[in-house]
Structure formats: C-alpha cells, structure tokens
Amino acid sequence: MNARAGGDVLCSFKTSAEPEIELLAFSLELRKLLKSDVNLIGRIPKSVFHEVSASIFQELIFDTLSPLSDKLEDRLHLEVHSSEFFEIAIRI
Amino acid sequence: MKFKQWLGISQNESKVTTFKSSATDAFADSIALELKGVSTEAVKQVLEARETKYMKAVLDESYFVLDSLVITPRDREIAQKLEEFLTTHEAVDTHFRKKFFEQVIQREYRSSRGSLVRVPAEFEVTVQLGQDSLESLSAEEGFQVNLKGRRISFFAEASLTGPLKRENTQSPMAKAMAQVASSASMHRATPSPSASNYSQAPHAASQLEVVLEDKRGLTNHVVDFPMVIGREVATSGIAQNVNTLNVQSTYVSRNQIVVCELLGDAYYFVPESASLSCQRSDGVVLEKLKLYPLAKNETVELRCGVEFNDSDASPLQGSYADFALIQLRLQGISHDKTPRPRAVP
Chain S
73 MNARAGGDVL CSFKTSAEPE IELLAFSLEL RKLLKSDVNL IGRIPKSVFH EVSASIFQEL
133 IFDTLSPLSD KLEDRLHLEV HSSEFFEIAI RI
Chain H
194 MKFKQWLGIS QNESKVTTFK SSATDAFADS IALELKGVST EAVKQVLEAR ETKYMKAVLD
254 ESYFVLDSLV ITPRDREIAQ KLEEFLTTHE AVDTHFRKKF FEQVIQREYR SSRGSLVRVP
314 AEFEVTVQLG QDSLESLSAE EGFQVNLKGR RISFFAEASL TGPLKRENTQ SPMAKAMAQV
374 ASSASMHRAT PSPSASNYSQ APHAASQLEV VLEDKRGLTN HVVDFPMVIG REVATSGIAQ
434 NVNTLNVQST YVSRNQIVVC ELLGDAYYFV PESASLSCQR SDGVVLEKLK LYPLAKNETV
494 ELRCGVEFND SDASPLQGSY ADFALIQLRL QGISHDKTPR PRAVP
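As they're listed, the protein sequences go chains S and H.
Under my numbering, the first sequence is numbered contiguously, ending at residue 164.
Under my numbering, the second sequence is numbered contiguously, ending at residue 538.
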C-alpha cells in the first residue's frame with residue numbers, strides 16, 4: 073500500500089488487454105471495495121478514458137456500480153490521470 | 194490534379210473568409226450548461242439541508258435569499274480556459290462577466306418540499322480559484338469525471354439567508370377579513386330562491402356612519418362593510434377588499450375595531466392583534482374577539498386607549514388627540530323578515 077496525496081492507494085494495476093476489458097477489470101475491483109464502508113477515489117489512465125466511448129463507460133462503471141449504493145456519487149470519485157496505471161485509493 | 198485545378202479555377206479565388214469561432218461557441222455553450230447544472234445542484238443541496246429545520250407551513254409562507262454562489266474550476270485546464278474566455282470577452286464588453294452569469298443563474302429555485310429561493314436582482318456570482326484549480330491536479334494533468342464518464346469541470350458552493358416572509362402572504366387577520374368580505378359579497382350576489390329582493394336590500398341599506406374625533410378634529414365618514422378602524426390601518430397589510438379608516442391618536446391599536454355584517458346584522462369587535470381596547474359610553478370595556486351587536490339607528494361611542502381587563506376603568510378624560518373617540522352608527526338596515534304563516538280565512 074503506497075501513501076499518496078488524496079489517500080492511501082489500495083491497488084494499482086495495468087493489463088495489456090483492450091481498453092474496454094481494462095475498464096471492466098477496474099469496475100470489478102471497485103465493486104469489491106465498495107462493499108465495505110470506505111469512500112474511494114478511482115484513477116483511470118487518460119489513454120484508456122479517451123479510447124472508451126461514453127456509452128461503454130456508463131455501462132461498465134455506472135450501470136455496474138449503481139446498485140451497490142444509493143449515494144454512489146458521494147462514495148466514489150473518479151479521476152482521469154496521465155499515468156498508465158489504474159489506481160484505487162481510500163478517500164479521506 | 195484536383196477537379197478545380199483541372200477546370201482552371203484557382204483555390205485562392207474565394208474572397209469570403211469564415212472565422213472559425215464554432216469552437217468558442219461550443220465551449221461557451223458547454224460551460225454555460227455545466228455552470229447552470231452545478232449552481233442549481235449547489236443551491237438545491239443547501240436548501241434541502243436548511244429546509245428540514247422548518248415546518249412546511251412556514252416554508253409555504255416564506256422564502257430564502259441566495260446570499261452567495263462561489264464557483265470553483267475543478268482543474269487547471271478548465272480554470273485556464275474559463276479565465277481566458279472571460280478575459281477575452283471582457284476586453285470587448287466590460288460587463289460581459291455579469292451578463293454571462295445572468296444566463297447561468299435562475300431567478301428562483303424550488304425544492305420538492307415547496308421551499309423557495311429567490312435571487313436578488315443585483316446578485317453576482319463569484320468565480321474563485323481553489324487549490325484544485327491550480328496545484329494538485331496540474332502535476333498529473335488529471336481531471337475528475339462522474340460515474341457516467343462526463344468530465345466534472347466545476348464545483349459550486351451556495352449560501353442562503355432567511356427565511357423571509359413572502360410579500361403576498363396574508364396575515365391570519367387579513368385572511369379572516371377576506372373570508373368575511375367574500376362571504377358578504379357572496380351573500381349579496383346570490384339571490385335567494387324564496388325572496389328575490391333579499392340580495393339587494395341589505396347591500397343598499399347597510400352603510401356605516403363613523404364619526405371620528407382625533408388629532409384632526411371631528412370627521413364624518415360613511416363607509417361599507419367590512420370595516421377596520423385603527424392607526425395606520427391602510428398600510429398594515431389588510432386584505433384589499435376590506436375598508437379601512439385611519440385614526441390619528443396616540444393610544445390606539447393598528448387594528449382597533451372591526452365592524453362586519455353577517456346575515457343582515459352588524460357586529461363590532463376588537464381583533465386578537467389589538468394591544469389596547471375601547472370603552473363604551475356605558476362604561477363597558479370591550480373584550481377581545483367578543484362580538485357586540487350594532488343595532489339599527491343606534492349610536493355607539495367608543496373611547497380608545499383603555500387597557501384590557503380594566504373592569505373598574507373610569508371614563509377617560511384625556512384629549513381626543515391621545516384618546517380618540519369613535520362613534521359608530523348604522524344607517525337603517527331594512528331587510529325582509531322571515532314570512533310568518535297566517536291562518537287562511
């Protein structure tokens with residue numbers, strides 16, 4: 073676990089799959105962590121974000137995670153960053 | 194060779210030049226929409242947090258005022274773009290910033306519970322750069338997105354003052370008077386099936402003669418029902434269809450005496466809001482909300498400035514400038530009596 077501005081990084085990963093598959097993997101990781109009570113920051117690589125269409129993004133992130141919490145917008149903040157790695161951190 | 198070159202038309206022949214401003218328009222449209230969204234959300238959030246402290250009856254009769262709205266760009270890129278956009282246009286029009294944000298802000302905001310936020314006419318939005326706008330995200334060139342993948346460009350924070358009373362809200366006194374007035378007008382307008390002349394008779398005859406003796410001296414008034422007599426009563430928010438009569442005297446309540454007509458009979462009473470009572474010429478001090486009948490052609494003299502529950506009050510001797518005298522006289526009411534059955538010969 074790495075200390076970092078905005079909270080401790082819980083996981084960081086990078087696959088060599090298609091952007092959609094990478095985003096799906098990211099969504100599944102978020103799903104696991106959101107079942108606990110922590111608030112999270114999810115960081116998506118800029119290259120992946122620009123590769124994936126809005127409808128696919130909505131389907132893989134919003135539609136998959138919305139059933140987990142009524143106030144998902146408050147519990148999960150998503151950021152796009154210039155790194156090539158997906159990251160999930162605890163939001164303080 | 195291109196088709197135009199083959200025809201012998203030079204590519205530089207066209208003299209019409211189109212300025213490419215569509216990107217700026219698109220940016221203005223997108224941020225206007227986004228700003229509208231975040232500002233509405235911010236006002237709604239603070240309103241919903243605040244309205245829980247008040248009963249719905251209070252919210253229905255009052256409104257909040259938008260005190261401040263601070264908009265902060267989420268990241269450095271947006272902050273730069275917005276500042277550039279505003280500065281460029283301000284070079285052309287010094288009031289551009291105000292005009293632009295006028296499109297963003299609504300005149301009113303409402304919550305699902307019925308509470309209302311009004312925006313003052315001269316309200317100005319504050320654009321404030323925060324730490325996020327300059328530092329933290331700039332190192333990584335990052336930005337925030339929502340769960341559907343839309344970039345979140347701004348953050349807005351609102352504050353409210355109030356609640357203040359709505360102007361068109363009637364006081365309980367005004368409501369009561371309006372009901373009396375409307376019932377009286379209905380009574381006049383609806384003809385009775387049994388007596389066709391009944392509707393006109395009381396209206397034509399039921400006029401009240403009021404003689405006032407106050408700072409102005411002796412004045413005589415002939416007025417219609419319902420009637421409120423008191424100090425500065427015309428400006429105290431009484432319903433519009435109620436007649437008012439001002440008394441200029443030191444010891445008189447704003448709503449001192451109400452005179453109304455019910456089913457052809459006239460009554461006078463001291464309303465709940467009055468802080469002082471009146472004394473009749475027979476020594477009786479009027480009680481709050483007690484109806485006193487006003488008989489036809491009878492003159493009632495009321496001296497203002499008497500405390501309630503002062504049963505042993507001696508007749509007031511002060512000047513009329515301090516203790517005004519109100520004389521009420523009902524000008525002959527004539528109405529049809531209920532027909533009595535008679536023996537058929």
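Ideal placement from N, C-alpha and C gives every residue a C-beta, glycine not left out.
Option nearest residue i by Cα separation, candidates the options
| i | options | result |
| --- | --- | --- |
| residue 250 (chain H) | H:236, H:307 and H:410 | H:307 |
| residue 480 (chain H) | H:260, H:311, H:358 and H:466 | H:466 |
| residue 80 (chain S) | S:94, S:88 and S:111 | S:111 |
| residue 438 (chain H) | H:460, H:469 and H:404 | H:404 |
| residue 337 (chain H) | H:285, H:269 and H:434 | H:269 |
| residue 353 (chain H) | H:514, H:474, H:220 and H:243 | H:243 |
| residue 344 (chain H) | S:147, S:164, S:116 and S:158 | S:116 |
| residue 340 (chain H) | S:122, S:103 and S:150 | S:150 |
| residue 323 (chain H) | H:273, H:475, H:502 and H:287 | H:273 |
| residue 351 (chain H) | H:240, H:300, H:342 and H:275 | H:240 |
| residue 193 (chain H) | H:478, H:279, H:259 and H:342 | Here chain H covers residues 194 to 538 and nothing more, so residue 193 (chain H) does not appear. |
| residue 164 (chain S) | S:130, S:154 and S:109 | S:109 |
For residue j and residue i, the rounded distance between their alpha carbons
| i | j | result |
| --- | --- | --- |
| residue 84 (chain S) | residue 318 (chain H) | 40 Å |
| residue 75 (chain S) | residue 92 (chain S) | Caution applies to residue 75 (chain S), whose pLDDT of 43 falls short of 50 and renders its modelled position unreliable; the value that the coordinates give is listed next. Rounded to whole angstroms, residue 75 (chain S) to residue 92 (chain S) spans 28 Å at the Cα level. |
| residue 292 (chain H) | residue 136 (chain S) | 42 Å |
| residue 257 (chain H) | residue 304 (chain H) | 11 Å |
| residue 86 (chain S) | residue 357 (chain H) | 56 Å |
| residue 495 (chain H) | residue 471 (chain H) | 6 Å |
| residue 88 (chain S) | residue 156 (chain S) | 11 Å |
| residue 222 (chain H) | residue 229 (chain H) | 11 Å |
| residue 441 (chain H) | residue 435 (chain H) | 19 Å |
| residue 516 (chain H) | residue 492 (chain H) | 19 Å |
| residue 461 (chain H) | residue 416 (chain H) | 14 Å |
| residue 520 (chain H) | residue 500 (chain H) | 19 Å |
| residue 426 (chain H) | residue 448 (chain H) | 6 Å |
| residue 185 (chain S) | residue 119 (chain S) | Any property of residue 185 (chain S) remains undetermined from this structure, which presents chain S solely from 73 to 164. |
| residue 266 (chain H) | residue 321 (chain H) | 8 Å |
| residue 300 (chain H) | residue 312 (chain H) | 5 Å |
| residue 220 (chain H) | residue 107 (chain S) | 38 Å |
| residue 224 (chain H) | residue 134 (chain S) | 23 Å |
Pair within 7 Å by beta-carbon distance, residue i and residue j
| i | j | result |
| --- | --- | --- |
| residue 289 (chain H) | residue 295 (chain H) | no |
| residue 419 (chain H) | residue 453 (chain H) | yes |
| residue 406 (chain H) | residue 518 (chain H) | yes |
| residue 359 (chain H) | residue 254 (chain H) | yes |
| residue 162 (chain S) | residue 114 (chain S) | no |
| residue 349 (chain H) | residue 264 (chain H) | yes |
| residue 410 (chain H) | residue 444 (chain H) | no |
| residue 483 (chain H) | residue 523 (chain H) | no |
| residue 310 (chain H) | residue 231 (chain H) | no |
| residue 271 (chain H) | residue 346 (chain H) | yes |
| residue 314 (chain H) | residue 408 (chain H) | no |
| residue 98 (chain S) | residue 158 (chain S) | yes |
| residue 335 (chain H) | residue 152 (chain S) | yes |
| residue 148 (chain S) | residue 95 (chain S) | no |
| residue 446 (chain H) | residue 423 (chain H) | yes |
Min CB distance residue i to chain S below 7 Å
| i | result |
| --- | --- |
| residue 340 (chain H) | yes |
| residue 337 (chain H) | yes |
| residue 331 (chain H) | Note that residue 331 (chain H) has pLDDT 47, beneath the 50 cutoff, so the model's placement of it is unreliable and no number is given. |
| residue 348 (chain H) | no |
Minimum Cβ-Cβ distance from residue i to chain H less than 7 Å
| i | result |
| --- | --- |
| residue 160 (chain S) | no |
| residue 152 (chain S) | yes |
| residue 157 (chain S) | no |
| residue 129 (chain S) | yes |
| residue 134 (chain S) | yes |
| residue 126 (chain S) | yes |
Can you confirm whether the stretch 139-148 of chain S touches the stretch 123-130 of chain S when touching is taken to mean that 3 or more C-beta pairs between the two stretches lie within less than 8 Å? No: fewer than three Cβ pairs fall under 8 Å.
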